[in-house]
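Beneath this line is the structure, given in structure tokens, with notes to follow.
There are 2 protein chains.
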Amino acid sequence: MTIDAPEMDVHVLMRTVDDLARTYEGVFSAETIERYVFESYTALARTATIKRYLAALARNFAADRLRALALAQGKIQSTVPQVLFVCVHNAGRSQVAAALLRHYAGSEVEVRSAGSLPASEVDPQVVEVLTARGIDMTGAFPKPLTDDVVRAADYVITMGCGDACPVYPGKNYLDWDLVDPAGQSPEITGQIIDDIDERVRTLWATVQK
Amino acid sequence: MTIDAPEMDVHVLMRTVDDLARTYEGVFSAETIERYVFESYTALARTATIKRYLAALARNFAADRLRALALAQGKIQSTVPQVLFVCVHNAGRSQVAAALLRHYAGSEVEVRSAGSLPASEVDPQVVEVLTARGIDMTGAFPKPLTDDVVRAADYVITMGCGDACPVYPGKNYLDWDLVDPAGQSPEITGQIIDDIDERVRTLWATVQK
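If you read the sequences in order, they're chains A and B.
So this note's numbering is basically just the index in the first sequence, starting at one, shifted up by 1258.
So this note's numbering is basically just the index in the second sequence, starting at one, shifted up by 1258.
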């Protein structure tokens, strides 16, 4: 069992708790924030193979989740629609959909993605094809599906993850039947991305109505 | 996407929140308990294929986690050692070890188990072999590894899950090199259980010292 600087990680996580406690002062208790940060770290540690950036990823994951929770509970407001993409590994399909919707909609939408069984990293071939198309994939990482992001969503789009996603009233649920790009050739991956691209444009047109 | 009575589940989860809020009055805020119950449900929904008992399993999982958190934070006390077994799927090895230690140590120890990538159910063959040996496996279900149960543990025993487990100071970490019983014949499964049995007896002798 190789442990990559856990003491340093704990140090970073404690600082993250302090920072997020300042951001969410009067919104969430320090107890809630501490729980979110350390649970997010443990959740990512379960599946990540590269441990080096784990504390930094946990910081981003916890911050995203706390924002989603605050939105879901009406503690903060957003004027833009909240869209969540869920696939199995959060390494291909849901990452592509999230990146494309961000690309088209910019700040006009808040996009999140998650997986029922998150992979250890985003599919490198997917990153390559998207980057070649000018789509930014920096900082994308596979994350498990959590209750907070489902609650915050106005639109939940599932792709091949069955009923991994709890259903709450008042949301729009869509299921997209897509081929998994994992292990496919660059050509097939490109076609799958084209398919997702078309669906994302249609979705964005629908969301804007 | 088939949804199995989600409204009924939400009803059960809300009642669980109320019950646990009474149990942990003055220990945890209602906010923390609500988060634990719904996050536990979502975490199990990600990987469980049989959805029928999900709300009941989420109740048990959330209750276990809250007890672990209360112990870890010194908000409640236990006079007995806390032992955590972690494997990949929490379907075979860690379930066997947990069941055997409970069998030998009874109420003299608190035992928990978890997986880095929890399976949809406990390995039926493992349940069969253990039940034939008079070991109770009722109510056992695969659960993801969470921060709270690591924090509460005095002993953390990992089995084939690499460094999925965050390391905190003041705990005893052991790594057991065991064959995964998944897909093995009943004979091999029996041998693996014998191996775990011997290790569990030795561990229990060590813990008692």
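Beta carbons are placed, not taken as given, at the ideal position from N, Cα and C, and that holds for glycine.
Interface criterion not met: the Cβ of residue 1389(B) is under 8 Å from no Cβ in chain A. Inter-residue distance for residue 1355(B) and residue 1343(B) is about 7 Å (C-alpha atoms, whole angstroms). At a cut-off of 3 residues, the continuous stretches assigned as beta strand (DSSP E) that sit fully inside the region 1360-1389 of chain A are 1368-1373. Linking residue 1374(A) to residue 1434(A) through their CA atoms gives a straight-line distance of about 15 Å. Within the region 1315-1342 of chain B, contact with chain A at the beta-carbon level (separation under 7 Å) is assigned to no residue. Three or more Cβ pairs closer than 8 Å define a contact, and the region 1444-1455 of chain A falls short of that threshold against the region 1327-1337 of chain B. By the C-beta criterion, the region 1310-1317 of chain A is judged not to be in contact with the region 1358-1370 of chain A, since fewer than 3 inter-stretch pairs fall below 8 Å.
Residue pairing by DSSP places residue 1345(A) opposite 1373(A), 1417(A) in a beta bridge. Judged by DSSP in its simplified three-state form, residue 1331(A) adopts coil rather than helix or strand.
With respect to chain A, the C-beta atom of residue 1375(B) has a partner C-beta closer than 8 Å. Taking a Cβ-Cβ threshold of 8 Å, the residues of chain A close to residue 1299(B) are 1405, 1424, in chain order.
Leaving aside the five residues that flank residue 1307(A) on each side, the residues in its chain whose CB is nearer than 8 Å to its CB run, in chain order, 1378, 1379. The Cβ atoms of residue 1404(B) and residue 1297(A) sit closer than 8 Å to each other. With contacts defined by Cβ atoms closer than 8 Å, residue 1348(A) and residue 1400(A) form a contacting pair.
Residues of the region 1279-1297 of chain A with a Cβ closer than 7 Å to any Cβ of chain B, in chain order: 1287, 1289, 1290, 1293, 1296, 1297.
Pairing residue 1429(A) with residue 1453(A) gives a Cβ-Cβ distance that is not under 8 Å. At a cut-off of 8 Å, the C-beta of residue 1264(B) has a neighbouring C-beta in chain A. By the Cβ neighbour-count rule, residue 1394(A) is exposed, with fewer than 16 other Cβ atoms within 10 Å of its own. Close to residue 1381(B), with beta-carbon spacing below 8 Å, lies no residue of chain A; the smallest spacing is near 18 Å. In the structure shown, residue 1431(A) adopts extended strand secondary structure according to DSSP, grouped into three states. One Cα belongs to residue 1426(B), the other to residue 1465(A), and the distance between them is close to 45 Å. Note: residue 1402(A) is bridge-paired with 1373(A) in the DSSP secondary-structure output. About 6 Å separates the CB atoms of residue 1422(A) and residue 1303(B); that is less than 8 Å, so the two are in contact. For residue 1370(A), the closest of 1318(A), 1285(A), 1383(A), 1387(A) by C-alpha to C-alpha distance is 1318(A). Here residue 1442(B) carries a coil assignment [DSSP, helix/strand/coil]. For residue 1400(B), there are no C-beta contacts with chain A under 8 Å, since the nearest C-beta of that chain is about 12 Å from it. The beta-carbon distance between residue 1406(B) and residue 1327(B), rounded to whole angstroms, is 4 Å. This is short enough to meet the 8 Å contact definition. Counting every other CB atom within 10 Å of its CB across the protein chains shown gives residue 1309(B) a total of 16 or more, marking it as buried. Partner residues in the beta bridge of residue 1340(A), as assigned by DSSP, are 1368(A). Taking each of 1320(B), 1438(B), 1381(B), 1383(B) in turn and checking the Cα distance to residue 1270(B), the smallest one comes out for 1320(B). Around the Cβ of residue 1417(B), a 10 Å sphere holds 16 or more other Cβ atoms; the residue is buried.
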